[in-house]
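Read the structure below first, then the notes.
Protein chains: 2
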Amino acid sequence: MLNSIGRELPEEISGRKIIPYFGPFSSRPGGRRYSPPLKAVFPGEKKVVESIREVIKKVELSDGMTISFHHHLRNGDAMVNMVVDEIARMGIKDIKIASTALFPVHEKLIEHIKNGVITAIEGSMNGPIGAYVSTHGLKEPVVLRSHGGRARAVKGGNLHIDVAFLAASMADDYGNCNGMMGQSAFGAMGFAYADAMYADKVVVVTDNLVPYPAAPISIPQIYVDYVVKVNSIGDPAGIQTGTMKITTDPVRLGIARDVVKFLAAAGVIKDGFSFQAGAGGISLAVTKFLHDYMKSKGIKGGFVMGGITGYVVDMLEDGTISRILDAQSFDLRAVESIGRNPDHVEVSHIMFGDPHTAGCIVNRQNACFLGATEVDVHFNVNVNTHSDGMLLHGIGGHQDAAAGSDVTVITIPLVRKKIPIVRESVTTVSTPGDTVDVVVTDHGIAVNPEREDLLEAVKGKVDVVDIWDLQKKAQEMVGTPPEPELEDDIISIIEFRDGTVLDVVRKVRK
Amino acid sequence: MLNSIGRELPEEISGRKIIPYFGPFSSRPGGRRYSPPLKAVFPGEKKVVESIREVIKKVELSDGMTISFHHHLRNGDAMVNMVVDEIARMGIKDIKIASTALFPVHEKLIEHIKNGVITAIEGSMNGPIGAYVSTHGLKEPVVLRSHGGRARAVKGGNLHIDVAFLAASMADDYGNCNGMMGQSAFGAMGFAYADAMYADKVVVVTDNLVPYPAAPISIPQIYVDYVVKVNSIGDPAGIQTGTMKITTDPVRLGIARDVVKFLAAAGVIKDGFSFQAGAGGISLAVTKFLHDYMKSKGIKGGFVMGGITGYVVDMLEDGTISRILDAQSFDLRAVESIGRNPDHVEVSHIMFGDPHTAGCIVNRQNACFLGATEVDVHFNVNVNTHSDGMLLHGIGGHQDAAAGSDVTVITIPLVRKKIPIVRESVTTVSTPGDTVDVVVTDHGIAVNPEREDLLEAVKGKVDVVDIWDLQKKAQEMVGTPPEPELEDDIISIIEFRDGTVLDVVRKVRK
Chain A
1 MLNSIGRELP
11 EEISGRKIIP
21 YFGPFSSRPG
31 GRRYSPPLKA
41 VFPGEKKVVE
51 SIREVIKKVE
61 LSDGMTISFH
71 HHLRNGDAMV
81 NMVVDEIARM
91 GIKDIKIAST
101 ALFPVHEKLI
111 EHIKNGVITA
121 IEGSMNGPIG
131 AYVSTHGLKE
141 PVVLRSHGGR
151 ARAVKGGNLH
161 IDVAFLAASM
171 ADDYGNCNGM
181 MGQSAFGAMG
191 FAYADAMYAD
201 KVVVVTDNLV
211 PYPAAPISIP
221 QIYVDYVVKV
231 NSIGDPAGIQ
241 TGTMKITTDP
251 VRLGIARDVV
261 KFLAAAGVIK
271 DGFSFQAGAG
281 GISLAVTKFL
291 HDYMKSKGIK
301 GGFVMGGITG
311 YVVDMLEDGT
321 ISRILDAQSF
331 DLRAVESIGR
341 NPDHVEVSHI
351 MFGDPHTAGC
361 IVNRQNACFL
371 GATEVDVHFN
381 VNVNTHSDGM
391 LLHGIGGHQD
401 AAAGSDVTVI
411 TIPLVRKKIP
421 IVRESVTTVS
431 TPGDTVDVVV
441 TDHGIAVNPE
451 REDLLEAVKG
461 KVDVVDIWDL
471 QKKAQEMVGT
481 PPEPELEDDI
491 ISIIEFRDGT
501 VLDVVRKVRK
Chain B
1001 MLNSIGRELP
1011 EEISGRKIIP
1021 YFGPFSSRPG
1031 GRRYSPPLKA
1041 VFPGEKKVVE
1051 SIREVIKKVE
1061 LSDGMTISFH
1071 HHLRNGDAMV
1081 NMVVDEIARM
1091 GIKDIKIAST
1101 ALFPVHEKLI
1111 EHIKNGVITA
1121 IEGSMNGPIG
1131 AYVSTHGLKE
1141 PVVLRSHGGR
1151 ARAVKGGNLH
1161 IDVAFLAASM
1171 ADDYGNCNGM
1181 MGQSAFGAMG
1191 FAYADAMYAD
1201 KVVVVTDNLV
1211 PYPAAPISIP
1221 QIYVDYVVKV
1231 NSIGDPAGIQ
1241 TGTMKITTDP
1251 VRLGIARDVV
1261 KFLAAAGVIK
1271 DGFSFQAGAG
1281 GISLAVTKFL
1291 HDYMKSKGIK
1301 GGFVMGGITG
1311 YVVDMLEDGT
1321 ISRILDAQSF
1331 DLRAVESIGR
1341 NPDHVEVSHI
1351 MFGDPHTAGC
1361 IVNRQNACFL
1371 GATEVDVHFN
1381 VNVNTHSDGM
1391 LLHGIGGHQD
1401 AAAGSDVTVI
1411 TIPLVRKKIP
1421 IVRESVTTVS
1431 TPGDTVDVVV
1441 TDHGIAVNPE
1451 REDLLEAVKG
1461 KVDVVDIWDL
1471 QKKAQEMVGT
1481 PPEPELEDDI
1491 ISIIEFRDGT
1501 VLDVVRKVRK
């Protein structure tokens, strides 16, 4: 069975019927939202329990269940290890981890995979766990989803969560909580909304229990069954990982400048201009250069959606944009701003990118600029696997931003460590080419031929090359890339944000 | 069939099986939340439609459907009449109105009842429509619910809404909206949350369309199918109706002083003291006297939940309390405060009082003081009907506050216009006696004998009388009240907040 981007898919994987991808807006959903059980907490009943162990008993966590976490503390998170270690000590097995993302700090989960505590994962795996799964696989393939796609799956019951464990840097004893205040503040809590609203049971874990009622209220008490006080939910210093530093490489800075040049030539940057600011060194540089450009031209932008960094906060504070919509704060300056500035608005990942709502924020973005590990001549983008087939990254908001934004720009060097980045075919399709408009490299800018409007708009202002020429140039520079050595076993399913399937990832031969 | 407060109920009314009331916390719910259909709005698709008529077509409103409204603009609301007039012009019939409450301004709906456009109502009817229904009835009995009970019913699918029409004083073209800003600002939008989240289709109607994205966001775009711009959603001057002025009557002021005296004697007013501030002349006076008392004693309170007025804003602004939780703003000072003060927090009526959540705010209230049209010797309270049987008022948050608060105080004059207010049996049970603790009158204070702790706490400090003595005193003063002249037809069902039935209201003989 082939999907519309030519990837061959089995009709069924691990008992799940596969619906192939057939375009970014190929159908409207027919189902209904998942409906969790009604609850009751009578006056006088308490929600605070003394320990993670105690709460695992209270929620009756048992073999085969699915537990979820958010990754707002990223590589500083202490929650996942804390909870899974306790589950392991209690002898519970066969757990599905539905964390929004796992990071190198969670490497020790590999031991829990080996001992059968964890047998399934739905969610991003950045680094060592991805590497382990690439070469070993799990009992069932890991389902990778975009941020909006995961929110959709939770809301629609495709990803059923038995117990959500939500880290909060401020909470009261009834579970009202936020991530904006406290020693472990991590800013927006966008991932937690879907889990709070649609998990069967919800546990808030905090290291900062405050008198009732806590405010601001990101997650309200009505969803929260229990509250656990721990010494630390993690270290906010771990939020700002390597991918979130602005590039200093002149080549990459050149790519960033070319993005602004292209968008300006295309007439996209005008009053009300709104965009998604991604992480990644080049994207951060684009944000900074856009800021400079808009200021110099006196352009008053609309909103910036993020993944928010201090570079975006600068734009809000000097009036270059009117609002920040923040589902995930990417540095401590963003964390500080969201707790203080009413125009820095927290939003959920449902609102960010869930396609099965009455309209998500990405639909309103004029542009987004996103990184990639590979791009192919059909504008398909890989952000998940490296060219050796190793599954080392999540999808993030990539698909959502690409599908929603008026102009989706991919920023990449043509070659990276002797590997051609523009290729005839990407190793894995993370974001389909029919949602991607422009590829900006250090050897030229290619525009998706479907975007005749853009080609027309920049004619005579910006040089555009054919994407095949970029591919050939890359091949000339470093030769044909070696094929990854793969086995037949499918270790991961790459869903498009609407639940159709873009691609599968196969086991890498050790 | 008798319920636990001795009211006789039929086993079935209009095809609905009646579950009798058996105590305020007699059971935990077994069901699930209502699950509305999934939606999709693709990039480029617009939500703004030009008129109410157009949007009625777009949502495919048809005979027999249920439409809802919130009543935040109270007697200043223009929405209900605007929409129902249009429905009538379009020839649609047999509509159920699920407005949270109707007011005298909606009197013209009576003509739409007569002509068959409206054949059912679930929601409060204050004034003329209540009077009409009392003497005429509708095709099926009107279901009256408390604010928390209505939120529960909407969330649980017991009150299914086909189309919610939500007035907003600020909205953007994607439906993000609030009631805090704009010429028609009405403050908190607590009623709208349940309807936005659980109606099948949602229309935002505004007279203040602002650039995307509007903020603060009370109702997010993800729930909103269409946005309609009209000239006016109503007149905020109509929010502050007669019941919301502080009393100047020395007798009623005396009752208010006695409430504070009682609560102080009972040791309830201490640091962290949190209460619900109701509307009504005596309740407002209690708030003011509590403020004076707490200031004079240096007591630092917790939160005040409301129905919020300027009297409560005063308490927040001088630091007497730490937070306001506001689901409904009762005067323009409250409206102004909620748009500005981050410690004046908007909450939904789900969070206020829905008993089928993981805990609502009323559970955390140390006290509430509420009015009544009648109280009986079993502490049952009537707020719905007058002693002649006319159904002229809604339940409001009465049941919720009474069930949740540690100490529920009813404030009433013993006699009103030659009618005894403390009686052997109330005409209608709106709030059951097992949730009511203290009755403060101008002829003495009675304490529910079940509250031995309170009786013990005030012993020697406050004179307490037997409620039978109050009843006898009232009878001595004005004689035995005449029985209302009723027919057999049931014109209304009085639900307890959990969906069990407290009482029915019968047609009044013309």
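Protein chains in written order, with our numbering: chain A, 1 to 510; chain B, 1001 to 1510.
Don't be surprised by glycine CBs; every beta carbon is placed ideally from N, CA and C.
All figures in this text were calculated on a predicted structure; none of them were measured in a lab.
**Prompt:** Under the three-state reduction of DSSP, which class applies to residue 92 of chain A: helix, strand or coil?
**Reply:** The sequence position of residue 92 of chain A within the first sequence is 92, counting from 1. Correct three-state label for residue 92 of chain A: coil.
**Request:** Count the other CB atoms, across all protein chains shown, that sit within 10 Å of the CB of residue 328 of chain A; report buried if there are 16 or more and exposed otherwise.
**Result:** For this step, residue 328 of chain A is matched to residue 328 along the first sequence. Looking at its Cβ environment, which holds 16 or more other Cβ atoms inside 10 Å, residue 328 of chain A is buried.
**Min CB distance residue 221 of chain A to chain B below 7 angstroms** = Translated into the one-based positions of the first sequence, residue 221 of chain A becomes position 221. Chain B contact via Cβ: present.
**Asked** Where do the N-terminal and C-terminal ends of the alpha helix (DSSP H) with residue 1131 of chain B fall, by residue?
**Response** For the purposes of this step, residue 1131 of chain B is taken as the residue at position 131 of the second sequence. Residue 1131 of chain B -> alpha helix (DSSP H) spans 1128 to 1136.
**Message:** Quick test of your reading: residue 1362 of chain B and residue 1401 of chain B, contact by CB under 8 angstroms. State the CB separation rounded to the nearest angstrom.
**Reply:** Residue 1362 of chain B sits at position 362 when you count from the first residue of the second sequence. Residue 1401 of chain B sits at position 401 when you count from the first residue of the second sequence. Yes, residue 1362 of chain B and residue 1401 of chain B are in contact; Cβ-Cβ is about 5 angstroms, under 8 angstroms.
**Asked** So is residue 1283 of chain B in contact with chain A if we call contact Cβ pairs under 7 angstroms?
**Response** Counted from its first residue, the second sequence places residue 1283 of chain B at position 283. When Cβ-Cβ separations below 7 angstroms define contact, residue 1283 of chain B makes no contact with chain A.
**Prompt:** Hey, how far is the Cα of residue 1492 of chain B from the Cα of residue 268 of chain A?
**Reply:** Translated into positions along the second sequence, residue 1492 of chain B becomes position 492. Translated into positions along the first sequence, residue 268 of chain A becomes position 268. Computed Cα separation, rounded: 59 angstroms.
**Beta-bridge pairing of residue 1416 of chain B - partner residues as DSSP gives them** = Position 416 of the second sequence holds residue 1416 of chain B. DSSP, once it has assigned bridges, lists B:1419 as partnering residue 1416 of chain B.
**Prompt:** What residues in the region 18 to 46 of chain A bring their beta carbon closer than 7 angstroms to a beta carbon of chain B?
**Reply:** Within the region 18 to 46 of chain A, the qualifying residues are 25, 28, 29, 31, 32, 33, 34, 35, 36, 37, 38, 39, 40, 41, 42, 43.
**Prompt:** Helix, strand or coil for residue 1303 of chain B per DSSP?
**Reply:** Counting from 1 along the second sequence, the entry for residue 1303 of chain B is found at position 303. Residue 1303 of chain B falls in the strand class under three-state DSSP.
**Request:** Would you give the residue range spanned by the alpha helix (DSSP H) that residue 160 of chain A belongs to?
**Result:** Taking the first residue of the first sequence as 1, we reach residue 160 of chain A at position 160. No alpha helix (DSSP H) holds residue 160 of chain A; DSSP gives it neither H nor E.
**Request:** Please confirm whether any heavy atom of the ligand SAM lies closer than 6 angstroms to the CB of residue 1092 of chain B.
**Result:** The ligand SAM is absent from the structure shown, which contains no ligand whatsoever.
**Message:** Does residue 1126 of chain B pass the burial test, meaning 16 or more other C-beta atoms within 10 Å, or should it be called exposed?
**Reply:** Start at 1 with the first residue of the second sequence, and residue 1126 of chain B comes out as number 126. In summary, residue 1126 of chain B is buried, with 16 or more beta-carbon neighbours lying within 10 Å of its beta-carbon over all protein chains present.
**Message:** Within 7 angstroms of any Cβ in chain A, is that where the Cβ of residue 1409 of chain B sits?
**Reply:** For the purposes of this step, residue 1409 of chain B is identified with residue 409 of the second sequence, where counting begins at 1. Not closer than 7 angstroms to any Cβ of chain A, the Cβ of residue 1409 of chain B fails to qualify, so no.
**Spatial distance of residue 393 of chain A from residue 20 of chain A (CA atoms)** = Numbered from its first residue, the first sequence carries residue 393 of chain A at position 393. Numbered from its first residue, the first sequence carries residue 20 of chain A at position 20. A direct Cα-to-Cα measurement between residue 393 of chain A and residue 20 of chain A gives close to 22 angstroms.
**Prompt:** Looking only at C-alpha atoms, which of A:351, A:222, A:364 sits nearest to residue 1354 of chain B?
**Reply:** Along the second sequence, read from residue 1 onward, the residue named residue 1354 of chain B stands at position 354. Answer by Cα proximity: A:222.
**Request:** Using only alpha-carbon positions, find the residue among B:1082, B:1315, B:1343, B:1252 that is nearest to residue 1298 of chain B.
**Result:** Here residue 1298 of chain B corresponds to residue number 298 of the second sequence, with the count starting at 1. Considering only alpha carbons, the answer is B:1315.
**Item:** Beta-carbon contacts of residue 462 of chain A that lie in its chain and below 7 angstroms, excluding the five residues immediately before and after
**Value:** Counted from its first residue, the first sequence places residue 462 of chain A at position 462. If we look at residue 462 of chain A and ignore the five residues flanking it on each side, its Cβ neighbours are 261, 262, 265, 445.
**Request:** Look at the alpha carbon of residue 75 of chain A and the alpha carbon of residue 1180 of chain B, and state the distance between them as a whole number of angstroms.
**Result:** The residue labelled residue 75 of chain A in the question sits at position 75 within the first sequence. The residue labelled residue 1180 of chain B in the question sits at position 180 within the second sequence. C-alpha separation (whole angstroms): 39 angstroms.
**Item:** Sub-7 angstroms separation of residue 1109 of chain B and residue 1129 of chain B beta-carbons
**Value:** Within the second sequence, the letter at position 109 stands for residue 1109 of chain B. Within the second sequence, the letter at position 129 stands for residue 1129 of chain B. Taking 7 angstroms as the Cβ cut-off, residue 1109 of chain B and residue 1129 of chain B qualify as a contacting pair.
**Request:** Could you list which residues in chain A have their beta carbon closer than 8 angstroms to that of residue 1325 of chain B, in chain order?
**Result:** Looking up residue 1325 of chain B in the second sequence gives position 325. The answer, in chain order, is 213.
**C-beta contact flag for residue 1277 of chain B and residue 1287 of chain B at 7 angstroms** = Residue numbering aside, residue 1277 of chain B sits at position 277 when the second sequence is read from its first letter. Residue numbering aside, residue 1287 of chain B sits at position 287 when the second sequence is read from its first letter. Contact flag set, yes.
**Request:** Could you confirm whether any beta carbon from chain B is found closer than 7 angstroms to the beta carbon of residue 340 of chain A?
**Result:** Along the first sequence, one-based indexing puts residue 340 of chain A at 340. No, residue 340 of chain A does not count as interfacial toward chain B.
**Asked** Under the DSSP definition of a beta bridge, which residues are partnered with residue 184 of chain A?
**Response** Translated into the one-based positions of the first sequence, residue 184 of chain A becomes position 184. As computed with DSSP, residue 184 of chain A is found in no beta bridge at all.
**Request:** Compare the Cα-Cα distances from residue 1027 of chain B to each of A:41, A:403, A:406 and report the closest residue.
**Result:** Position 27 of the second sequence holds residue 1027 of chain B. Looking at the Cα atoms, A:41 is the closest of the given residues.
**Request:** Would you list the residues sitting across from residue 77 of chain A in a DSSP beta bridge?
**Result:** In the first sequence, residue 77 of chain A corresponds to position 77, counting from 1. Residue 77 of chain A is bridged to A:234.
**Asked** Are the C-beta atoms of residue 369 of chain A and some chain B residue less than 7 angstroms apart?
**Response** For the purposes of this step, residue 369 of chain A is taken as residue 369 along the first sequence, with counting starting at 1. No, because no Cβ of chain B sits closer than 7 angstroms to the Cβ of residue 369 of chain A.
**Asked** Mapping DSSP to helix, strand and coil, what is residue 1312 of chain B?
**Response** For the purposes of this step, residue 1312 of chain B is taken as the residue at position 312 of the second sequence. In the structure shown, residue 1312 of chain B adopts helical secondary structure according to DSSP, grouped into three states.
**Request:** Counting only the same chain and skipping the five closest in sequence on each side, list residues whose C-beta sits under 8 angstroms from that of residue 34 of chain A.
**Result:** On the first sequence, residue 34 of chain A is found 34 positions in, with the first residue counted as 1. Around residue 34 of chain A: 154, 155, 156, 157, 160, 198.
**Neighbour flag for residue 294 of chain A against chain B, beta carbons, 7 angstroms** = Looking up residue 294 of chain A in the first sequence gives position 294. No, residue 294 of chain A lies away from the interface with chain B (no Cβ there is under 7 angstroms from its Cβ).
**Message:** Spatial neighbours of residue 1170 of chain B within its chain, please: C-beta separation below 8 angstroms, excluding the five flanking residues on both sides.
**Reply:** Residue numbering aside, residue 1170 of chain B sits at position 170 when the second sequence is read from its first letter. The residues 1177, 1178, 1179, 1180, 1181, 1182, 1185, 1206, 1208, 1210, 1214, in chain order, have a CB closer than 8 angstroms to that of residue 1170 of chain B in the same chain once the five nearest residues on each side in sequence are set aside.
**Message:** Less than 7 angstroms between the C-beta atoms of residue 995 of chain B and residue 1382 of chain B, yes or no?
**Reply:** Outside the displayed span of chain B (1001 to 1510) sits residue 995 of chain B, for which this structure offers no information.
**Asked** Name the chain B residues whose beta carbon is nearer than 7 angstroms to that of residue 357 of chain A?
**Response** If you number the first sequence from 1, residue 357 of chain A lands on position 357. Neighbours of residue 357 of chain A on chain B, chain order: 1039, 1222.
**Message:** Does residue 477 of chain A pass the burial test, meaning 16 or more other C-beta atoms within 10 Å, or should it be called exposed?
**Reply:** Taking the first sequence and counting its residues from 1, one reaches residue 477 of chain A at position 477. Under the 10 Å beta carbon count, residue 477 of chain A is surrounded by fewer than 16 other beta carbons and is classified as exposed.
**Asked** Could you check where the beta strand (DSSP E) with residue 441 of chain A kicks off and where it finishes?
**Response** On the first sequence, residue 441 of chain A is found 441 positions in, with the first residue counted as 1. Residues 438 to 441.
**Prompt:** Three or more C-beta pairs closer than 8 angstroms, one from the region 1003 to 1013 of chain B and one from the region 38 to 52 of chain A: is that the case here?
**Reply:** Taking a contact to require three or more Cβ pairs closer than 8 angstroms, the region 1003 to 1013 of chain B and the region 38 to 52 of chain A do not qualify as touching.
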